[in-house]
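Colleague: Position one of the sequence shown corresponds to residue 0 (numbering that gives the first Met the number 0), numbered consecutively onward. Ideal Cβ placement from N, Cα and C applies to all residues, glycine included.
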Amino acid sequence: MRIFRRSVASAWKFGLAIIVVVFFISSVALYNIMDSVTPSSQKLRYFGEYDLKRLETKLIKLESEANRNEEILGQIQRSLYYRLNRVRSRPPASTLSAVKKKERKQTYRKCNAGLLNTTVNVQMLSVYETLEFDNPDGGHWKQGWEITYDKNEVKERPHLQVFVVPHSHTDPGWIKTFDEYYSESTKHIFENMIEKLSQKSQMKFIYAEMSFFEKWWREVDTAKRMLTKRLLDIGQLEIVTGAWVMTDEANAHYFSMIDQMTEGHQWLLNHLDYKPKNHWSIDPFGLSATTAYFVGLSGLKTMSVQRIHYAVKKHLALNKNLEFYWRQLWKRDSSSDIFCHVFPFYSYDIPHTCGPDPAVCCQFDFHRSQVGSLPCPWGIPALPIDMENIGERAFALLDQYRKHAELYKLNVLLVPLGDDFRYTTSMEWQQQYNNYEKLFDYMNRQDWNVQFGTLEDYYRALFKRADVGGETFPTLSGDFFTYADRNEDYWSGYYTSRPLYKRMERILASFLRGAEIMFNLAVSDVRSKALEHQFPSQRLFNNLVIARRNLALFQHHDGIAGTAKTPVVMDYAKRLWSSIELSKATMATAILYFMRKASTSLLDADSIKLDFSERIMDASHTSENVVINVLDENERSILVYNSLPYFRSEIVCINVDTYKIALYDAANNRLKIQISPVITKTSVGFIISVTTYQVCWTATMESLSIIRYRLVSGDDPLDGEMVTISQREVVHSSTFPRNVLSEEQFDIVSPVYVATFSTSTGLLKELKHTNKDNKMNLQLEFFVYKSKSQSYTAGGAYLFLPKGEAEPLNNVDDVLLLEGDMFATVYSNLKNVLHQFTVVKLEGDAQHAKLPGAESLHIRNTVDITTEIEDFEIVMRLKADIHNSEHSFYTDLNGLQMIKRKYFSKIPLQGNFYPMTTAAFIEDSAHRLTLLSAQANGVTSIKPGWIEVFLDRRTHVDDSRGVAQPMLDNVIVTSDFRLMLESLDSDAYKIGKNLPTINYLTLPAHHQSLLLIYPVFVLYTANDFVEELRSHYQALQKPFPCDFHLINMRSVESKGAFDSKAEVESFLNETLLILLRLENSCFSTQPPSIVCSLKDNDVPTAVDIFGTNVKAVKEMSLTALYELNDTKLPDEPLYVEPMEIKTYKIEWKSAQDAAEHKSPLVTGRPPAK
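1) Hey, which unbroken runs of the alpha helix (DSSP H) at 4 residues or more fall wholly within the segment 1076-1130?
2) With a CB to CB cut of under 8 Å and the five nearest residues on each side skipped, what residues in its chain are close to SER1053?
3) Considering just the uninterrupted stretch of the beta strand (DSSP E) at PRO995, what are its terminal residues?
4) I'd like the list of long-range same chain contacts for PHE782, defined as Cβ closer than 7 Å, with 5 residues on each side in sequence excluded.
5) Mark ASN202 as exposed unless 16 or more other C-beta atoms lie within 10 angstroms of its C-beta, in which case mark it buried.
6) For THR474, name the three-state secondary structure that DSSP assigns.
7) Among ASP170, ILE1140 and LEU763, which has the Cα closest to the Cα of GLY558?
8) Among MET1115, THR792, THR866 and PRO1040, which residue has its Cα nearest to the Cα of ARG960?
9) Got a sec, what are the start and stop residues for the alpha helix (DSSP H) HIS187 sits in?
10) Whose CA, out of LEU507, GLU128, ASN628 and ALA584, lies closest to the CA of ILE607?
11) Taking the beta strand (DSSP E) that TRP576 belongs to, which residues open and close that run?
12) Would you tell me roughly how many angstroms separate the C-alpha atoms of LEU412 and LYS463, rounded to the nearest one?
13) Consult DSSP for VAL655 and reduce its assignment to one of helix, strand or coil.
14) Reducing DSSP to helix, strand and coil, say where ILE337 ends up.
15) What do you get for THR824, buried or exposed, if any count of 16 or more other CB atoms within 10 angstroms of its CB means buried?
16) Across which residues does DSSP place ASN1047 in a beta bridge pair?
17) One question on the structure: do GLU765 and LEU777 come within less than 8 Å of each other, judged by their Cβ atoms?
18) For the alpha helix (DSSP H) holding VAL753, just list the boundary residues, first then last.
19) Tell me LYS899's beta-bridge partners as DSSP assigns them.
20) If you measure between the beta carbons of HIS555 and ASP178, is that distance less than 8 Å?
21) Apart from the five residues just before and just after ALA291, which ones in its own chain have a Cβ nearer than 8 Å to its Cβ?
22) Within 10 angstroms of its Cβ, does ASP1103 collect 16 or more other Cβ (buried), or is it exposed?
23) Assuming SER932 is part of the beta strand (DSSP E), what are its boundary residues?
24) Could you give the DSSP three-state label for LEU454: helix, strand or coil?
25) Quick one: measure Cβ to Cβ for LEU124 and LYS905, integer angstroms, because I've assumed they're closer than 8 Å.
26) Out of SER536, SER333 and HIS264, which one is the CA nearest neighbour of ALA242?
27) So LYS671 and GLU720 are supposed to be a Cβ contact under 8 Å. How far apart are they, rounded?
28) In the DSSP assignment, find the unbroken alpha helix (DSSP H) run with PRO498 in it and report its ends.
29) Between GLY354 and TYR407, is the Cβ-Cβ spacing less than 8 Å?
30) With which residues is VAL370 paired in a DSSP beta bridge?
31) To the nearest whole angstrom, what separates the beta carbons of GLY513 and SER642, a pair I think is in contact under 8 Å?
32) Using beta-carbon positions only, say whether TYR181 and LYS214 come within less than 8 Å of one another.
33) Touch check for the segment 416-430 and the segment 350-366: three-plus C-beta pairs under 8 Å?
34) Rounded to whole angstroms, what's the CA-CA distance from ARG87 to PRO275? Just pull it up for me.
35) Does LYS596 come within less than 8 Å of chain D when only Cβ atoms are used?
36) Please list, in chain order, all residues of the same chain as PHE23 whose beta carbon is under 6 Å from its beta carbon, the five residues on each side excluded.
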């Protein structure tokens, strides 16, 4: 063993020496070339235009060669890494090289002017431009071609090496609920897994979803746990990805994606001391580059994926590019590359994995040989292997393997062996193992090389073969949306299906994040002061873990996608709703800890007398504002919590039961408010409430802070506090001033915009900036698509299949304008939509040129299609005078990055819709129109100047993709958007024909998106509240830099005893601080209205954020599987590059630490007052 270790170490050192030598030679050569082509300042004046052009050409060539050299070095480094198998406790070599480099001096970059496309071999938008998207019959491989090989040539190649990988795909909710699937199927998979793998040492198995695994682990005894641990340690069992679920990649926001992956990885680390190495994503309906980025940042080294457009698969296969390094759009080097393997055929089931002919492959699914099991649909049964047929069967299977291998560069083949909920019975394990064992023994006696394996087995062999042969793999950038599995069946419907629950998920994420941050701040304070007796820490931590896991469960690709059966959807919804309530209880308790004045009593999480002004009534209703009773109580306290790390000033609203009301700040100053009636939609017009009122004011909050107000009834409103109600006809009222909308159109003026509306519809017609003369035609309209039925399918939960162009929805029953000094809202009553368009009118204060909310126009649509008897798919369409070149537009990927799209006429309408998790924009040489969303939607740009976004879908026919039900369980749903029109004001931003594939929101747009996704939390004191409250609490000593975002502060669960059956363990005195540095477009360089730091080198430290309560800081991999750098001092800068996400582990001081280090010179965090 020692000799082996020394040989491995020597080989590794030798490999590193090779890298250093190659790099040194390349660098010297490049330096000499650069020196030879770079003119001195004296020579430059004599250079003509031709000479400069030659120099430019040489420089471009040099850059390309440098990138290629860097890429080759990276691949050599990765090959050495895999060959030497240094995988047990470290992230990939590319990750290590990236994090071990000397940290550079960081400066604030106002915006990114470069927008350069990354250098790759395959760019997905370019692929879309060149593909014809035809679908000729490929023969046995319907979507490909008849694959052949030369038998003599095969003999000259390195031996074919095949790894057959048994697996079972277990959806945590789809046709059945999570609990039903567990008790009926998944539990039995695990039980048989440990029994059969222990009996059969040659058998292997991989498994992915930790949601099921954790539930099983809690139930089993120590002996089964030890057996499972042993199988993992010897590599017979591999956990792949290790996230809580196999996440959807279209609708999920990066907050939730990171959180669900972290939950799975931390559970594995704490209970099994296991670190996944390979990612497995075979069922999500399209693939996002964001997932690739997160997988690499977490320390995993490879990806194996399935569902991408069949025409794209064929294109990659033709060029043997089904294995590649996936590069992020903004990266100019290989530091974030991750290796990706694409399965080439139609599905991940056994008939479509051994080779191109499913009729043959199905015969090798030996579970189908059992009487009463699902037969092969091609009419040829799966027969057990015996001495009479083994020769013929082996050659038939080998033929498929060889044809399959023809699609890849190397003669090493990965063949999945599984399907949905397979290996549930002992019989199936025996059928698959016994028959394949006979085949493998026979094949290997013929000098072939076929075996059971795991992903780790496959990739180790692949990179060893690549290293020996000097083979390199291409690089690829972009994503794989929109997915089509056959014909013109594009899976773009699920971008919008079941929109209420997509919205509810985003609400839970906001509440969970707010609760996590406040809980961590409270616990760090509690432990530093030895006040554990006053704060129910473990109880609240349990709440957080349950909420985390329910949010994580919904990220499953049939959860947030909206593609499950109705009872399953309702089960998800109940989990989301209950988790919102748990997050509220945790947040309220932590807020009261900071806001109550001196007290020694224990805070009881069950009896906190603070309620939230927003609530969700149950699992089938959208959120609404509570009507706060002030008449009976006379006075209440209102608490407003800002969870963003920036100074924030915005309009906050609550509903109350009287308009005779006043609001006071902590200094007892009466504040200006705006009072409006609450409006309700009916089928014949609006109901203007005479008992419920909306009260709004401007709340000014420090970063990560809580502020208190007093709400007092009985006082008459001040002048100008009551809104004016305007309608098309005169309606008299004794409470509010009235007006008549007599002109064809009317304007609302704000510090930023002049918005013009049609009096007949109440919908936006024109828009201009207040300080400019030119108006832009900008029409907002609603349209409806009807589905077409085909011989084999129709539109449903997965598929959007329109039968033609959308029909206008223009039957407006009534228009109402509520206008006050703070803001004005236009209400339009359409048959299926209550449309609200709000313009913030307030000027800024001494710190703000304008109120942050005034930078955008607020849109709210409440959609009701619950009674439609035909297919009804409703969209909101914006039509502007913007000439976006190349028919291009940009949509976001998971809220993290903006990717260029094009509308292709060669693709049907449904294939031109893309996921919009948070944002989309179009632009030309003068303007950019940005639509920001509070929930996931489908979006497109059908014509230049258009943005079209889905609101809801109702279909009466199943789309034949497995859920087996129409989508008729619609509920009333509210969607929130913000609209921004920005003018080009920077010479640095270039508009041309070849727009880059990567782009960014402007800094103001980033901040507007954050304000939309993370609104302030408003709480009010309950009737019998008796605590005396402070005026405010502030967590940070100074705001974050403008381009930093606090993704989350996540408490860390401790390692439980190996025999523990606790659902939640205790937690450590540590917090995962997850930071994102935003990248900003130079399209508009207007300063942000949010107060934040714009200074160079103004990088936050842990002391800046948390004061002197920090003991140590460690940089971790994204999900904290790995420590990446040495421990930092609390006052060292937390460096993050643009578009980079970093996780730092904060270790807090205990009461003993705080006492030992206490100094009168250090004040720490500003106290609550």
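Modeller: So, from the data block:
1) As far as the segment 1076-1130 is concerned, its whole alpha helix (DSSP H) runs of at least 4 residues are 1101-1105.
2) Taking the first residue of the sequence shown as position 1, residue 1053 is located at position 1054. Answer for SER1053: ASN269, GLU1064, SER1065, PHE1066 and LEU1067, listed in chain order.
3) By one-based count along the sequence shown, residue 995 stands at place 996. Where PRO995 is concerned, there is no enclosing beta strand (DSSP E), given that its DSSP letter is neither H nor E.
4) Numbered from its first residue, the sequence shown carries residue 782 at position 783. ALA805, GLU806, PRO807, LEU808, VAL874 and ARG876.
5) What you label residue 202 is simply residue 203 of the sequence shown in a count that begins at 1. Before going on, a small fix: residue 202 reads as Met here, not Asn. Per the 10 Å Cβ criterion, buried.
6) Position 475 of the sequence shown, counting from 1, holds the residue named residue 474. Strand, per DSSP.
7) If you number the sequence shown from 1, residue 558 lands on position 559. By alpha-carbon distance to GLY558, the top candidate from ASP170, ILE1140 and LEU763 is ASP170.
8) Sequence index remark: in the sequence shown, residue 960 carries index 961 (1-based). Out of MET1115, THR792, THR866 and PRO1040, THR792 has the C-alpha closest to the C-alpha of ARG960.
9) As a first step, residue 187 must be located in the sequence shown, where it is residue number 188. Start and end: 186-198.
10) Here the question's residue 607 lines up with position 608 in the sequence shown. Of the candidates LEU507, GLU128, ASN628 and ALA584, the one whose C-alpha sits nearest the C-alpha of ILE607 is ALA584.
11) Locating residue 576 in the sequence shown gives position 577, where the first residue counts as 1. For TRP576, no beta strand (DSSP E) run applies; the uninterrupted alpha helix (DSSP H) run containing it begins and ends at 565-594, by DSSP.
12) Along the sequence shown, read from residue 1 onward, the residue named residue 412 stands at position 413. Along the sequence shown, read from residue 1 onward, the residue named residue 463 stands at position 464. For LEU412 and LYS463, the gap between their C-alpha atoms comes out near 13 Å.
13) Numbered from 1 along the sequence shown, position 656 holds the residue referred to as residue 655. In the structure shown, VAL655 adopts extended strand secondary structure according to DSSP, grouped into three states.
14) Counting from 1 along the sequence shown, the entry for residue 337 is found at position 338. Three-state DSSP puts ILE337 in a strand.
15) Here residue 824 corresponds to residue number 825 of the sequence shown, with the count starting at 1. The residue in question, THR824, is buried, as its Cβ has 16 or more Cβ neighbours within 10 Å.
16) Mapped onto the sequence shown, residue 1047 falls at position 1048. When DSSP reads this structure, ASN1047 sits in a beta bridge with ILE1073.
17) Working through the sequence shown from its first residue, we reach residue 765 at position 766. Working through the sequence shown from its first residue, we reach residue 777 at position 778. Yes.
18) By 1-based counting over the sequence shown, the position of residue 753 is 754. No alpha helix (DSSP H) holds VAL753; the beta strand (DSSP E) holding it covers 752-757.
19) Mapped onto the sequence shown, residue 899 falls at position 900. Its beta-bridge partners are TYR889.
20) Mapped onto the sequence shown, residue 555 falls at position 556. Mapped onto the sequence shown, residue 178 falls at position 179. Not in contact: HIS555 and ASP178 (Cβ atoms no closer than 8 Å).
21) What you label residue 291 is simply residue 292 of the sequence shown in a count that begins at 1. Within the same chain, ALA291 has close Cβ partners MET302, TRP325, GLN327, ILE337 and CYS339.
22) Taking the sequence shown and counting its residues from 1, the one referred to as residue 1103 is at position 1104. Here ASP1103 is buried. Its C-beta has 16 or more other C-beta atoms within 10 Å.
23) In the sequence shown, the residue the question calls residue 932 occupies position 933. For SER932, the uninterrupted beta strand (DSSP E) run begins and ends at 926-932, by DSSP.
24) Here residue 454 refers to the residue found at position 455 of the sequence shown. In this structure, DSSP gives LEU454 a helical state, which the three-state scheme calls helix.
25) Position 125 of the sequence shown, counted from the first residue, corresponds to residue 124. Position 906 of the sequence shown, counted from the first residue, corresponds to residue 905. The beta-carbon separation of LEU124 and LYS905, rounded to 14 Å, does not stay under the 8 Å limit for a contact.
26) Residue 242 sits at position 243 when you count from the first residue of the sequence shown. Per the Cα distances, HIS264.
27) Translated into positions along the sequence shown, residue 671 becomes position 672. Translated into positions along the sequence shown, residue 720 becomes position 721. Right, the Cβ-Cβ distance comes to about 7 Å (below 8 Å), so this counts as a contact.
28) Position 499 of the sequence shown, counted from the first residue, corresponds to residue 498. Segment 498-527, the alpha helix (DSSP H) holding PRO498.
29) The sequence position of residue 354 within the sequence shown is 355, counting from 1. The sequence position of residue 407 within the sequence shown is 408, counting from 1. No, these two residues do not count as a Cβ contact at 8 Å.
30) On the sequence shown, position 371 is the one that residue 370 refers to. None, per the DSSP bridge assignment.
31) Along the sequence shown, one-based indexing puts residue 513 at 514. Along the sequence shown, one-based indexing puts residue 642 at 643. About 4 Å separates the beta carbons of GLY513 and SER642, which is inside the 8 Å limit, making them a contact pair.
32) As a position in the sequence shown, residue 181 is number 182, starting the count at 1. As a position in the sequence shown, residue 214 is number 215, starting the count at 1. For TYR181 and LYS214, yes; Cβs fall inside 8 Å.
33) Cβ pair count under 8 Å is three or more, so yes.
34) Looking up residue 87 in the sequence shown gives position 88. Looking up residue 275 in the sequence shown gives position 276. Summary for ARG87: the model assigns pLDDT 35, below 50, so the residue's position carries little reliability; its value from the coordinates is reported in the next sentence. Going by the C-alpha atoms only, they are around 9 Å apart.
35) Of the protein chains in the structure, only one exists, and it is not chain D.
36) Numbered from its first residue, the sequence shown carries residue 23 at position 24. Annotation note: pLDDT 49 at PHE23 (below 50); position unreliable, coordinate value reported separately. Cβ neighbours of PHE23 within its own chain (closer than 6 Å, five residues either side excluded): none.
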